[in-house]
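Contents: one structure, followed by commentary.
There are 2 protein chains.
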Amino acid sequence: MAPKVNINDIALKTGLSITTVSRVLNGKAEQYRIGKKSQQKIKEAARELNYIPNQYAANLRTGKSNTIALIVPSLNNPFFAGIASKINAEVRKFGYITIIGDSDENQEIEKIELLQLMSRNIEGLIIVPCGNEWEHIKHLHDLGLPVICIDRYFENVDLPYVSTDNYEGAYSATKYLLDHGHVSIACIQGVQAATPNKLRVQGFEDAMKEAGITDYSIVGDDYSVQNGYLETKLLFQHKTKPTAIFSLNNTIAMGCLKALKEEKIKIPEDVSLITFDDHPYLDFLATPLTCIAQPVSDISKIAIKFLFSRINNNEKNINQVLLKPKMKIKESVRNIL
Amino acid sequence: MAPKVNINDIALKTGLSITTVSRVLNGKAEQYRIGKKSQQKIKEAARELNYIPNQYAANLRTGKSNTIALIVPSLNNPFFAGIASKINAEVRKFGYITIIGDSDENQEIEKIELLQLMSRNIEGLIIVPCGNEWEHIKHLHDLGLPVICIDRYFENVDLPYVSTDNYEGAYSATKYLLDHGHVSIACIQGVQAATPNKLRVQGFEDAMKEAGITDYSIVGDDYSVQNGYLETKLLFQHKTKPTAIFSLNNTIAMGCLKALKEEKIKIPEDVSLITFDDHPYLDFLATPLTCIAQPVSDISKIAIKFLFSRINNNEKNINQVLLKPKMKIKESVRNIL
DNA sequence: TTGAATTGTACAAACGTTTGCGCATTTAAA
DNA sequence: TTTAAATGCGCAAACGTTTGTACAATTCAA
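In the order they appear, the protein sequences are chains A and B. Counted from 1, the first sequence has number 93 at position 39 by our numbering; the numbering is strictly sequential. Counted from 1, the second sequence has number 344 at position 290 by our numbering; the numbering is strictly sequential.
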């Protein structure tokens, strides 16, 4: 790498001191009454020399890195990619930059990433925690780092979060299936210990119980395509096959689709399907999938709002909010009444 | 934020000098013959105090940031999200971290991001350039920053790149349509000035001309869903409607699907469709889409290999490689012979 | 003419690391 | 014993910024 130009070079070139250069380049010229001609000279020299400020040096001095971190379980999941894209764009408006980490649904990687990010003096963290351990995250929060969990979070832990009302989403999805005459409903879940998953399962169960149905299956243990695939395969090995499947997220739904296709089971003729999470492609599937859409954009925006109110205003409240999901009715649920 | 623990605190606590602390914590204990007990004490103290090294300070001294940057046009596009995910994971293996930028298909944002990243002392850059200006990227390359373009790149510019053989992909896709009896083929393109787009168009045209067909339409000007949608709508306003559409990327294909669905035009009965770019969802569409799949994983790996050979071995060759795409034949092309 | 106020600028320390060099102290060899 | 080698560690400078303070020169009022 060619040696970089620094403010000292500019000082030399203009015959002014680095102090003056720094002040002009930081827009503090007026405040420190730097002469107009000096300002001109400095700005011109900076342009000519292609000066690029060294954030790290500045950060070392000021303690401000203008950086926040986002950790998601998998950028490959369009749901999280969407969040990342949104957050990235929103954060830029605050003059900050986002470092995106991908924990690959692996808590150990998550921890390592977190340390690396802390080493980089992040001023805030938005995280979709990928496991059920929360201590390492709470620890950072206690240290004073502004932290917001999104999508996934921890109940009964004093950490701010913004997520979807998963219970309600699952409850209404199940209700919808019930209202269409389904009784034998299978629910394919993700990571069991995760709060959203627990709440979704609970919403499902409550709706079932309210309908007086106690004979349902809840299977699966992982937010993966593979899990959706295998569990769907298994479901149709049983003597009593479900008339409807409730997939607890988009990747599981994909596995589901794959298995159903292989088995030549038609949606919604042979089985009805409803899933958590939306995606543009869902509309173009063989059968457009009815889904529980999470307000991704709102979640991102609110999370950032909270984060920056912690960063800038030193807000101390532990905000915990759940946004209402929205059911998008398409064609994957058959009325069997 | 709570005041952070630094090596000085450890030095104080252990009664050793910061020099010794630094050396032990950097694994240079043996090299500098630090006593075993001292090493123990230091490591223990670091753990007890929850020491987190300050990368920025270290970087300031050493010039190594252990950071590379990735800029993609849109994380929302699953194709780029996949690349980002892959690169993120691969880079970690080298002990580096990736800062991901999203240019939102906007060259001005790309430039701004680039500056911000340079301010953060990145040691390398992998970029999917979103426009047809290459000077700002070449400039960084000339400055000595290891740069690799992926997916999109510039012809006749001395910048390393790893991409797909777009010409071949488009040529064989077109050939495939022709072989199935299609004559009236419409091609919906993306950003016209972009190299991959140009090559795809060229592959399309060459195949058509070879078949003796000169009457074809090439429409569109943008890698957006909207573009695919509008152009498809327009195509079917004409008196002579195409029997096949060749979509030049996945987002365009989505717009295409949307328009076809609205117009109740069936694939492949009414029109055949083939698209560049693969995605898991493609298999589950109403009609699984035949596509030209790019070797995303290989592109990412090779790019990183090149990048680190520049970073570590000061490799100077301008590597420019094109990988063969793979046609995945599904059900969206009808044989009309 | 004097003194105060204003204007324009610079010194030097600090941020948390890393590292070339050098200095004790101990051990081993003669 | 004396001397050389080996062992263990610390000093202080440097990386590129920012900023509290200070100081000189000019302008202005009296």
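Here a beta-carbon is modelled for each residue, glycine too, at the ideal position from N, C-alpha and C. Bear in mind the structure is a predicted one, so any value in this text is a computation, not a measurement.
Could you please give the first and the last residue of the uninterrupted alpha helix (DSSP H) stretch that includes residue i?
{"i": "C310 of chain B", "result": "N304 to E316"}
{"i": "S92 of chain A", "result": "K90 to E102"}
{"i": "M55 of chain A", "result": "Unbroken run through M55 of chain A: none, as it is neither H nor E."}
{"i": "K165 of chain A", "result": "Q161 to S173"}
{"i": "T286 of chain A", "result": "V279 to L289"}
{"i": "A347 of chain B", "result": "Where A347 of chain B is concerned, there is no enclosing alpha helix (DSSP H), although the beta strand (DSSP E) it sits in stretches over T344 to A347."}
{"i": "I356 of chain A", "result": "V350 to N367"}
{"i": "N251 of chain B", "result": "T249 to E264"}
{"i": "L79 of chain B", "result": "I72 to L79"}
{"i": "E144 of chain A", "result": "P132 to K147"}
{"i": "R115 of chain B", "result": "Q109 to T116"}
Any beta-carbon of chain B closer than 9 Å to the one on residue i?
{"i": "I72 of chain A", "result": "no"}
{"i": "G198 of chain A", "result": "yes"}
{"i": "A224 of chain A", "result": "no"}
{"i": "D276 of chain A", "result": "no"}
{"i": "N367 of chain A", "result": "no"}
{"i": "A340 of chain A", "result": "yes"}
{"i": "P214 of chain A", "result": "no"}
{"i": "L103 of chain A", "result": "no"}
{"i": "K95 of chain A", "result": "no"}
{"i": "L26 of chain A", "result": "One cannot answer for residue 26 of chain A here, as it falls past the ends of chain A, which runs 55 to 391."}
{"i": "N60 of chain A", "result": "no"}
{"i": "G136 of chain A", "result": "yes"}
Taking 9 Å as the threshold (beta carbon to beta carbon), is residue i in contact with chain A?
{"i": "G81 of chain B", "result": "no"}
{"i": "G155 of chain B", "result": "yes"}
{"i": "Y110 of chain B", "result": "yes"}
{"i": "P334 of chain B", "result": "yes"}
{"i": "Q280 of chain B", "result": "no"}
{"i": "I125 of chain B", "result": "no"}
{"i": "L284 of chain B", "result": "no"}
{"i": "Q348 of chain B", "result": "no"}
{"i": "I151 of chain B", "result": "yes"}
{"i": "D158 of chain B", "result": "yes"}
{"i": "G185 of chain B", "result": "no"}
{"i": "S128 of chain B", "result": "yes"}
{"i": "M262 of chain B", "result": "no"}
{"i": "I372 of chain B", "result": "no"}
{"i": "P132 of chain B", "result": "yes"}
In the DSSP assignment, find the beta strand (DSSP E) that holds residue i and state where it starts and stops.
{"i": "L377 of chain B", "result": "Q374 to L377"}
{"i": "S217 of chain A", "result": "Y215 to T218"}
{"i": "F330 of chain A", "result": "S326 to F330"}
{"i": "K380 of chain A", "result": "K380 to K382"}
At a cut-off of 8 Å, would you count residue i as near the ligand ADP, judging by its Cβ distance to the nearest heavy atom?
{"i": "G69 of chain A", "result": "Questions concerning the ligand ADP fall outside what the structure shown contains, since it holds no ligand whatsoever."}
Does the separation of the CB atoms of residue i and residue j fall below 9 Å?
{"i": "E177 of chain B", "j": "N120 of chain B", "result": "yes"}
{"i": "E285 of chain A", "j": "T344 of chain A", "result": "no"}
{"i": "L114 of chain A", "j": "L79 of chain B", "result": "no"}
{"i": "Q109 of chain A", "j": "R174 of chain B", "result": "yes"}
{"i": "V387 of chain A", "j": "Y150 of chain A", "result": "no"}
{"i": "V182 of chain B", "j": "I204 of chain B", "result": "yes"}
{"i": "T305 of chain A", "j": "V279 of chain A", "result": "yes"}
{"i": "L171 of chain B", "j": "A123 of chain B", "result": "yes"}
{"i": "I106 of chain A", "j": "L169 of chain B", "result": "yes"}
{"i": "F338 of chain B", "j": "A340 of chain A", "result": "yes"}
{"i": "D269 of chain A", "j": "S238 of chain A", "result": "yes"}
{"i": "L232 of chain A", "j": "I191 of chain A", "result": "no"}
State the beta-bridge partners of residue i as determined by DSSP.
{"i": "G155 of chain A", "result": "A:I125"}
{"i": "I64 of chain B", "result": "DSSP, once it has assigned bridges, lists no residue as partnering I64 of chain B."}
{"i": "C241 of chain B", "result": "B:I272 and B:F300"}
{"i": "G178 of chain B", "result": "B:I122"}
{"i": "V201 of chain A", "result": "A:L179"}
{"i": "L339 of chain B", "result": "A:L339"}
Review point. On the three-pair Cβ rule with 8 Å, is the stretch 238-252 of chain B touching the stretch 296-309 of chain B?
Key: Contact holds between the stretch 238-252 of chain B and the stretch 296-309 of chain B, because three or more Cβ pairs, one in each stretch, are under 8 Å apart.
Check your understanding: Counting Cβ pairs closer than 8 Å, one from the stretch 88-100 of chain B and one from the stretch 68-77 of chain B, do we hit at least three?
Key -> Look at the beta carbons and you see the stretch 88-100 of chain B touching the stretch 68-77 of chain B: at least three pairs across the two are nearer than 8 Å.
Check your understanding: With contact counted as at least three CB pairs below 8 Å, one residue from each stretch, are the stretch 153-160 of chain A and the stretch 124-131 of chain A in contact?
Key -> yes
Point to revise | Cβ pair count under 8 Å reaching 3, the stretch 208-225 of chain B against the stretch 356-376 of chain B | key: yes
Review point. Do the stretch 219-230 of chain A and the stretch 250-257 of chain A touch if we need at least three Cβ pairs shorter than 8 Å?
Key: Enough Cβ pairs lie closer than 8 Å, so yes.
Review point. At a cut of 8 Å, does the stretch 245-252 of chain B reach the stretch 281-296 of chain B through at least three beta carbon pairs?
Key: no
Check your understanding: Are at least three pairs of beta-carbons, each pair with one atom in the stretch 359-367 of chain A and one in the stretch 196-211 of chain A, less than 8 Å apart?
Key -> The stretch 359-367 of chain A vs the stretch 196-211 of chain A: in contact.
Practice item. Evaluate the contact criterion for the stretch 336-352 of chain B versus the stretch 369-386 of chain B: three or more CB pairs, one atom per stretch, below 8 Å. Key: yes
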